[in-house]
Each structure stands twice: as C-alpha cells, then as structure tokens.
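Structure first, then comments.
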Amino acid sequence: MREASLDQEAAIFTSLKRGYDAATFFAFRMGARLEELLNLDWPHVDFFNDRLTLDGKGDKKRTVPMPSDVRALLWGLKDNHPVKVFTYVAAYTRRATANSPATVRGRHYPLTATGLQEAFGLATAKAGITAFRFHDTRDTAASQLLRATGNLRLVQKLLGHAKLTTTLKYAQVTDDDLAVAMERTKAHRDELVAKTPTEIPTESPQKATSD
C-alpha cells in the first residue's frame with residue numbers, strides 16, 4: 000500500500016479524461032473501494048442530508064457523510080446519466096460486439112472496472128508515478144484523514160472496516176506526522192502549565208541549607 004502526495008494527485012488528474020477524473024477524485028477523497036464507486040447509483044446520493052450509501056464488499060451497505068467538495072462534484076454530474084453516478088463520454092460511435100455494448104459518440108455510459116483501471120494506469124505512467132494502483136487511493140484517503148484528525152476510529156468508519164487492526168494497514172504515519180503531533184502535545188502541556196495555580200511549584204525547590 001502506498002500514499003500519493005497532493006502533487007502526485009494533481010499530476011494524475013491532468014492526465015485523466017472526462018469522467019475518469021471525477022471517479023478518481025471521489026476515490027481519493029472518500030477512500031471508496033472500486034466496487035463501491037462503480038455501484039454508486041443516484042438513489043444512493045442524498046443531497047438533502049449530505050449522505051452517501053456505498054454498496055460494495057460482500058453486499059454490505061454503509062452510509063457516510065458527503066463533504067462539500069464531493070457534493071459539488073456529484074451535483075455537477077447528476078444530469079449525465081439516469082442511474083449511474085460515474086460515467087465516461089464515448090469518443091466514437093460503435094456497434095455492439097460480443098465484448099462491448101454499442102456506443103454513440105458524445106453520450107455518457109457507466110464506467111467499468113477495466114476501463115477505469117486502464118485509464119488510471121495510463122495516467123500514473125504519464126505522471127511518472129510507478130507502482131501506484133487504484134486501490135492505493137484508499138490508502139491515501141485514510142492517511143490524509145488520520146493526519147488531519149489524529150483519530151483512527153474516524154478512519155475506520157470512513158473505510159468501513161469491522162476491525163481496527165485492518166485500518167492500521169491503510170493509515171500511514173510518517174516521522175513528520177509524529178513531529179507535528181509532539182509539537183501539538185507541547186503546546187497543550189504549555190497551556191496546562193499556564194493554568195497551574197501559583198502555589199504549586201513548577202520547578203524543583205532548592206535543597207535547604209543549615210546555618
């Protein structure tokens with residue numbers, strides 16, 4: 000598992016075609032599994048309450064909050080397809096074959112696992128990012144949330160893990176993260192010291208001397 004930097008995310012987005020970029024942004028922000036992303040239908044998007052219902056691994060459904068940037072993204076996609084949230088725009092008009100349905104140039108069609116993974120692989124290669132899989136967007140979302148909140152339970156809920164030990168495999172912590180956390184701890188301790196009653200000594204008293 001591997002985490003992408005924000006610069007790497009941006010480089011990937013610039014190399015993705017319309018539709019694939021939206022799905023990838025959603026994956027980076029929501030930590031959704033590929034199956035959950037592809038299964039997302041409009042009835043699962045609650046714009047009124049800002050909630051998403053993800054349907055994925057083992058036919059398990061889970062509801063997660065929809066942050067404002069994801070809400071704006073999905074609102075812009077709502078007229079593209081009557082059922083599926085994530086779609087691509089057909090570049091050509093093609094007849095149906097044994098392996099693919101007919102398409103009309105300019106129309107939106109549901110993304111497929113093969114199509115999204117291939118597009119993502121080409122984008123990462125073009126961006127010069129090696130050994131980064133689509134599933135690593137999930138690791139990235141987990142690590143970013145942990146870094147922002149310091150709360151592993153929140154990460155567990157975002158990823159939909161039954162066990163916290165599974166979440167630990169996804170959330171990456173660096174030495175810089177630890178350094179920042181230690182400085183926050185110092186600031187907290189300094190605040191507590193400032194509130195300490197004056198009659199409580201904050202330094203070791205001098206040893207008494209005999210006359």
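Using numbering that gives the first Met the number 0, read the sequence shown as starting at 0 and increasing by one per residue. Beta carbons: idealized from backbone N, C-alpha and C, even for Gly. These numbers come from a predicted model, not from an experiment.
Member of the options whose CA lies at the smallest distance from the CA of residue i
i           : options            : result
residue 133 : 179, 66, 96 and 22 : 22
residue 76  : 148, 41 and 59     : 41
residue 146 : 35, 128 and 172    : 172
Residue i, buried or exposed, once every other Cβ within 10 Å from all chains shown has been counted against 16
i           : result
residue 82  : exposed
residue 135 : buried
residue 260 : Residue 260 falls outside the range modelled here, since the chain spans only 0 to 210, and no answer is possible.
residue 131 : buried
residue 4   : exposed
residue 19  : buried
Own chain partners of residue i with C-beta closer than 7 angstroms, once the 5 adjacent residues on each side are dropped
i          : result
residue 79 : 86 and 107
residue 55 : 32, 34, 35 and 38
CA-to-CA distance, residue j to residue i, given in whole angstroms
i           : j           : result
residue 118 : residue 150 : 33 angstroms
residue 69  : residue 32  : 16 angstroms
residue 101 : residue 38  : 21 angstroms
residue 122 : residue 11  : 5 angstroms
residue 113 : residue 124 : 16 angstroms
residue 8   : residue 25  : 12 angstroms
residue 170 : residue 67  : 23 angstroms
residue 175 : residue 43  : 38 angstroms
residue 164 : residue 17  : 37 angstroms
6 angstroms Cβ shell around residue i - same chain, five flanking residues per side excluded
i           : result
residue 160 : 166
Contact set for residue i: own chain, Cβ-Cβ below 8 angstroms, skip 5 residues either direction
i          : result
residue 60 : 52, 53 and 54
Requested in this report: Please list the segments of the alpha helix (DSSP H) lying wholly inside the segment 82–139, counting only runs of 4 or more residues, in order along the chain.
Outcome: With a minimum length of 4 residues, the continuous alpha helix (DSSP H) runs that stay inside the segment 82–139 are 112–125.
Report task. Write down every uninterrupted run of the beta strand (DSSP E) in the segment 11–85 whose length is 3 residues or greater and which is fully enclosed by it, in chain order. Result -> Entirely contained in the segment 11–85, the beta strand (DSSP E) runs reaching 3 residues are, in chain order, 50–54 and 60–64.
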